[in-house]
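> Have a look at this one before I ask anything.
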């Protein structure tokens, strides 16, 4: 597996942003904190495995009945001298009808830059990554369950990186708690990857993510 895999998985994984299986209603706003990423084996730890500690703070707002927009920042990457910002939108293609799921499409653009790193080590650069996501979701009572397929493309080294996932959004009053389990690039052999990912058959990487969100003006 090429060395681009850890880079894309670290900086642009959907599991570290609030999941957008359905757009917010017009006027509804949401602030969320997300934590998690691909599970890897910590070097020289005797087999300790943890998710990459990606953290994101994000804001969403419903614009139209089928459209919302979102923007956020990565709280982890400044530790390594990189500023990370992202923005995007979710569009509802189909509404749920009986057993047929609701379908939505989300597109996000991630921008990462080390221009503000005071250490001034290495080459300064801007890394753009696009994330396109197809979601199918079912609402049961007040809770939402979904499956999705995500593709991340690093514009500097473009290649296909498809990742299936599943998750839920549990409504707790005005709060939402959302676990998410993606499998990053399950067709890729990770034997020669920089990090060790304990995935089935050494294919891709299993991710673990959790989002805590607060909604305002929910309808």
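In the numbering used here, the protein residues as written are 296 to 514. Where a beta carbon is used, it is the ideal one built from N, C-alpha and C, also for glycine. It should be emphasised that the depicted structure is a prediction, and the values quoted were computed from it without experimental measurement.
Return the first residue and the last residue of the beta strand (DSSP E) that residue 317 is part of.
It is not in any beta strand (DSSP E) - residue 317 carries neither H nor E in the DSSP assignment.
> Rounded to whole angstroms, what is the Cα-Cα separation between residue 474 and residue 356?
21 Å
> Is there at least one Cβ from chain B nearer than 7 Å to residue 483's Cβ?
Within the model displayed, chain B is absent; a lone protein chain is all it includes.
> On the criterion of 16 or more Cβ atoms from any shown chain inside 10 Å, does residue 406 qualify as buried, or is it exposed?
If you draw a 10 Å sphere on the C-beta of residue 406, you find fewer than 16 other C-beta atoms in it, and that means exposed.
> Give the list of continuous beta strand (DSSP E) stretches no shorter than 3 residues that lie fully inside the segment 320 to 394.
324 to 336, 344 to 346, 350 to 359, 362 to 369 and 378 to 389
> Count the other C-beta atoms from every protein chain shown that fall within 10 angstroms of the C-beta of residue 377, then say buried if there are 16 or more, exposed otherwise.
By the neighbour-count rule (16 or more Cβ atoms within 10 Å), residue 377 is buried.
> Starting from residue 508, follow the beta strand (DSSP E) in both directions and report where the run begins and ends.
498 to 511
> Let's test the definition: count the other Cβ atoms within 10 Å of the Cβ of residue 493 and tell me whether it reaches 16, buried, or not, exposed.
With fewer than 16 other Cβ atoms from the protein chains shown falling within 10 Å of its own Cβ, residue 493 counts as exposed.
> With a threshold of 16 other CB atoms inside 10 Å of the CB of residue 422, please say whether the residue is buried or exposed.
buried
> To the nearest angstrom, how far is it from the Cα of residue 462 to the Cα of residue 441?
6 Å
> According to DSSP, is residue 445 helix, strand or coil?
strand
> Which same chain residues end up closer than 8 Å to residue 499 when comparing Cβ atoms and leaving out the 5 residues on each side of it in sequence?
A distance below 8 Å between beta-carbons, with the five flanking residues on each side excluded, links residue 499 to the following residues of its chain, in chain order: 458, 478, 479, 480, 481, 482, 483, 485 and 492.
> Using the C-alpha atoms, what's the distance from residue 390 back to residue 404?
Cα to Cα, residue 404 sits roughly 25 Å from residue 390.
> Which one or two residues does DSSP pair with residue 403 in a beta bridge?
Note: residue 403 sits in a beta bridge opposite 383 and 426.
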